[in-house]
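Residue numbers (this note's numbering): 4 to 918.
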Amino acid sequence: MAKSTSKSLVIVESPAKARTIAKFLGSGYQVEASVGHVRDLPGGAKDIPEKFKKEPWAYLGVDVENDFEPVYIVPADKKKQVTKLKQALKDADSLYLATDEDREGEAISWHLHELLKPKVPVHRLVFHEITKEAIQKALSEPRQIDNGLVRAQETRRILDRLYGYDVSQLLWKKVGPGLSAGRVQSVAVRLIVQRERERIAFHDATYWDLEAIFSTSNGDSLPAMLSTVEGRKIPSGKDFDADTGLLTNPQLLQMNEAQSTELAEKLRTEEFKVTKVEVKPFVERPRAPFTTSTLQQEANRKLGFTARRCMQAAQKLYENGYITYMRTDSTTLSNEAINAARDLVKSEYGEKFLHDTVRVYKGKVKNAQEAHEAIRPAGTPFRVPSAVQSELDRDQFRLFELIWKRTVACQMADAKKQRIGVSIEGGDCKFTASGTSILFEGFLRAYVEGSDDPEAELADKERLLPAVNENDALSPQTIDPKSHTTQPPARFSEASLTRMLEEKGIGRPSTYASIIDTIQKRDYVYKKGSALVPSWTAFSVIRLMETHFDALVDYDFTAQMEDFLDTISREEAESLEYLKNFYFGDESAEPQKLCNKDAIGLKNRLASKIEEIDPRLTAKFSLGFPEEGENREEVFVRVGKYGPFLEQGERKAPILDGMAPDEMDLEKAMELFESASREDEPLGTHPESGKPIYMKAGRFGPYIQLGEKDDEEKRNQSIPKSIPAEDVDFDMACKLLSLPRNLGNYPDNNEPIMAHDGRYGPYVKCEKETRSLPAGMSPLEVTFDEAVALLKQPKTRGRAAPKEPIKVFEKKSPVTDQEIKVLEGRYGPYATDGETNASVPRGTDAKELTFEAALDLLAERAAKGPSKKKKKKKKAVKKKATKKKAAKKKTTKKAVKKKAATKATKKKGIIKKSS
4 MAKSTSKSLV IVESPAKART IAKFLGSGYQ VEASVGHVRD LPGGAKDIPE KFKKEPWAYL
64 GVDVENDFEP VYIVPADKKK QVTKLKQALK DADSLYLATD EDREGEAISW HLHELLKPKV
124 PVHRLVFHEI TKEAIQKALS EPRQIDNGLV RAQETRRILD RLYGYDVSQL LWKKVGPGLS
184 AGRVQSVAVR LIVQRERERI AFHDATYWDL EAIFSTSNGD SLPAMLSTVE GRKIPSGKDF
244 DADTGLLTNP QLLQMNEAQS TELAEKLRTE EFKVTKVEVK PFVERPRAPF TTSTLQQEAN
304 RKLGFTARRC MQAAQKLYEN GYITYMRTDS TTLSNEAINA ARDLVKSEYG EKFLHDTVRV
364 YKGKVKNAQE AHEAIRPAGT PFRVPSAVQS ELDRDQFRLF ELIWKRTVAC QMADAKKQRI
424 GVSIEGGDCK FTASGTSILF EGFLRAYVEG SDDPEAELAD KERLLPAVNE NDALSPQTID
484 PKSHTTQPPA RFSEASLTRM LEEKGIGRPS TYASIIDTIQ KRDYVYKKGS ALVPSWTAFS
544 VIRLMETHFD ALVDYDFTAQ MEDFLDTISR EEAESLEYLK NFYFGDESAE PQKLCNKDAI
604 GLKNRLASKI EEIDPRLTAK FSLGFPEEGE NREEVFVRVG KYGPFLEQGE RKAPILDGMA
664 PDEMDLEKAM ELFESASRED EPLGTHPESG KPIYMKAGRF GPYIQLGEKD DEEKRNQSIP
724 KSIPAEDVDF DMACKLLSLP RNLGNYPDNN EPIMAHDGRY GPYVKCEKET RSLPAGMSPL
784 EVTFDEAVAL LKQPKTRGRA APKEPIKVFE KKSPVTDQEI KVLEGRYGPY ATDGETNASV
844 PRGTDAKELT FEAALDLLAE RAAKGPSKKK KKKKKAVKKK ATKKKAAKKK TTKKAVKKKA
904 ATKATKKKGI IKKSS
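The structure is reproduced here in structure tokens:
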């Protein structure tokens, strides 16, 4: 191709970002996507290059014997994309690397440079918003790849590999298969476990006070609470010790029900008057614009988004040019953004709602090289939410609106309020009433923390009291005793865990979403509503880590590791010495002295602990000794291969799934033992098989067992959710064991209709046709006529007649020239262009999916290549021994040649980082 027709190649991470940027660049640029990282450490033994497979460190993918040199490979699913980029570079006269401006983005640019080996000029483009102005500015001010950021990312990756692979293998041996450990992941689990320990140790306390409603001379009602009796203060929840349930200050008056009832009766006839009215004006200032962490927290509180869902929506908004870069620790705004926000305050809310001077927010940004602007609407002037609503799906619009409101509010005037306190006395007792009134809404007109409806929230923020003056007489309308019970510390939600990790300086806010996902996938944590509840497996793992590898889950040490990575990114420190100390430590020190947090010596410590750690002790949690009954042996929770269970000597009982650790105490354990012992007594003998019928309690709830435990032909039958376990007697058990139940033959084909209870609930089936039973209908009671009526209805799941598309776009696919549709699939809605199918992300309303969003999904799915299909194993054909021997001899040469060719091919696809 002639030089004059050459183009500049621009490489970004995602197809969506590439398409958006291409709109702002002329025909002289070709914009392509790397689709994330193009090189990484080997993912497993199969990915290790042949020449390294015999090395003792090969499983790590890091040459710990040669200055921790990483071995980089091109993952199989990225080879096609890399080939495409190489081909595009052949026709380019320059290369622009436009990946994100953070550690990961900088590392992607460096890997692209190392992999593509460009012979044309290379430029690094950085911008924090995808607008025409930002792209043009970046083109006019290119820079070089930042080696500090690259080294910081590489060090972080190596640390995570050393920590994750070696400690995880120990957990497999000592706790259970499939577990994992991680530099930030394990600390996050420890925080959640520690909170549950506090809940287990918590002792509640009950105290009583009085709730009164007084009448003013004008007939208005004034609610108040008892505060002192004869000069002794009534306690509140914070006055009780969480570990003992006792008052921390014995001078306070803790009343019981009888005392409070007697006092209330006495005070109903007393005279009361106002002794003090205190008015304190105050102001409330708007919060800073969003950082990654605060966006995740507020999206969780206001919109109910998980961290993952929030970041997915934010990623789309950024890539399509609606918001600035969403991975940032900074709360600062550019001058252009501040002016845009201030202009909107005036136009949308009026001059009086604008703060007199420009508000400047300064946050704690540990790494100046990674400090972008705060998250805000992209471009100037900011587009108002109503103008972009039709272009965004529901999640994206709600998040954009949240970001827009927070950004605009940060330049608005303070909210002016006043707090009013009223003291009321009579009968040697004092009552207090408090209220708040808003004098001027200020920024609250646009944005209220934690609420998605400022208008409704403003009313909730006011508590108005009737006008009273000192010495005004009041008469009691009602005085009633009120009971209070102290509450244990609340479990972490995603929002509060994110806030805690950030406060402790652990990890990066941009990684919190994946961390929270990981600890749930590993069954360390599960959700109960919005609360994160640790499993007993998490308790076992954290006990092992705290006992034997305390530094690895130490909050300060983990934060210091993050600080060290920041110093590397600023090129103020080198990583080699740190990695040596972390992995090898002081090799001259005795194993018991390897506790210096600056020189952990992970390898030696693991070697010294492998024999020392007793998994039986790690997985055993005492609940105490029973005080009653014949068996006084200690009761334990044990974490076994198939989950947690109770143990007392030879007795065992299952713990139901979903029972939180703080719900398990000695009393509950004895109930479960008692229930388990009743399981040994059969309900009766089955009239047909002659086998005993037992009622059993398993991890997933009660079930019926036909036959003894060691009976190879024993059969288990679940109990439908519509039937309470306590209602299951011998007759009911026999009916359940009769399932599937023959209801008669279907008129159209004369085939039997069977009623079943399956994994997804009760249903009826005739040949291949199935229909779920409606809620409340039991497979034991469904009639023949009801089953026929259900089977005649159109199928609502499985292989039914094709459904109408959820959505069909007017524009055709630029790739296949076919219609793009959104269809309902077996596993949820998906977009298709006739050749590629791409799932619609969870939480996204398929009906509101835009054409651009559908193109993004299809492009990303197509870039990953076709899904791999499992090869069917061919049945082995037996041959005569003589022929088998000859065949083996004949194929040996072919096998050797094939192996050599494979090795050579792999060698070409593997790139080892040059020192």
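Ideal placement from N, C-alpha and C gives every residue a C-beta, glycine not left out. Predicted model only: the values in this text are computed from it and were never measured.
Quick check on residue i: does DSSP put it in helix, strand or coil?
i, result
"residue 432", "strand"
"residue 77", "coil"
"residue 757", "strand"
"residue 468", "coil"
"residue 859", "helix"
"residue 403", "helix"
"residue 662", "coil"
"residue 445", "helix"
"residue 131", "coil"
"residue 461", "Low confidence applies to residue 461: its pLDDT is 49, below 50, so where it sits in the model is not reliable enough to give any reading."
"residue 220", "coil"
"residue 778", "coil"
"residue 677", "helix"
"residue 392", "helix"
"residue 329", "coil"
"residue 212", "strand"
"residue 380", "strand"
"residue 126", "strand"
"residue 706", "strand"
By the DSSP assignment, the beta strand (DSSP E) with residue i in it spans what residues?
i, result
"residue 684", "First-last for residue 684: undefined, no H or E at that position."
"residue 228", "224–232"
"residue 826", "822–828"
"residue 748", "744–748"
"residue 840", "840–842"
"residue 10", "10–15"
"residue 296", "Careful: residue 296 lies outside any beta strand (DSSP E), inside the alpha helix (DSSP H) at 295–301."
Alpha carbon to alpha carbon, what distance is there between residue j and residue i?
i, j, result
"residue 274", "residue 465", "29 angstroms"
"residue 144", "residue 128", "8 angstroms"
"residue 179", "residue 403", "43 angstroms"
"residue 51", "residue 857", "37 angstroms"
"residue 263", "residue 503", "40 angstroms"
"residue 89", "residue 75", "18 angstroms"
"residue 414", "residue 295", "20 angstroms"
"residue 361", "residue 481", "51 angstroms"
"residue 512", "residue 172", "27 angstroms"
"residue 755", "residue 747", "5 angstroms"
"residue 803", "residue 797", "Unreliable placement is indicated for residue 803, whose pLDDT of 46 sits below 50; the coordinate value is still reported in the next sentence. One C-alpha to the other measures close to 8 angstroms."
"residue 234", "residue 665", "38 angstroms"
"residue 169", "residue 176", "11 angstroms"
Check whether the Cβ of residue i sits closer than 7 angstroms to any heavy atom of the ligand HEM, and report yes or no.
i, result
"residue 824", "With respect to the ligand HEM, the structure shown offers nothing to examine, as it has no ligands at all."
Can you tell me where the alpha helix (DSSP H) with residue i in it begins and where it stops?
i, result
"residue 192", "188–204"
"residue 551", "539–551"
I'd like the list of long-range same chain contacts for residue i, defined as Cβ closer than 6 angstroms, with 5 residues on each side in sequence excluded.
i, result
"residue 113", "148, 153"
"residue 720", "707, 739, 740"
"residue 679", "656"
"residue 412", "289, 446, 449, 450"
Closer than 8 angstroms by C-beta to residue i: which residues in its own chain qualify, once you throw out the five before and the five after it? Chain order, please.
i, result
"residue 675", "649, 656, 657, 658, 700"
"residue 267", "213, 482, 483, 484"
"residue 134", "27, 324, 381, 382"
Between which residues of its own chain and residue i is the CB-CB distance below 7 angstroms, once the five residues before and five after are set aside?
i, result
"residue 898", "For residue 898, the predicted structure reports a pLDDT of 47, less than 50, and the residue's modelled location is therefore unreliable. A value from the coordinates is still provided. None."
"residue 59", "none"
"residue 198", "492, 494, 495"
"residue 861", "834, 836, 839, 841"
"residue 1", "Nothing in the structure corresponds to residue 1, since the chain is present only between 4 and 918."
"residue 85", "41, 77, 118"
"residue 766", "759, 773, 774, 775, 776"
Length at least 3, wholly inside the region 37–113: the beta strand (DSSP E) runs in chain order: 72–76, 95–100
Secondary structure, beta strand (DSSP E): runs of 3+ residues fully inside the region 625–674: 638–643, 646–651, 654–657
Complete runs of the beta strand (DSSP E) confined to the region 472–525 [at least 3 residues]: DSSP runs (the beta strand (DSSP E)) wholly in the region 472–525: 476–488.
Secondary structure, alpha helix (DSSP H): runs of 4+ residues fully inside the region 233–292: 260–270
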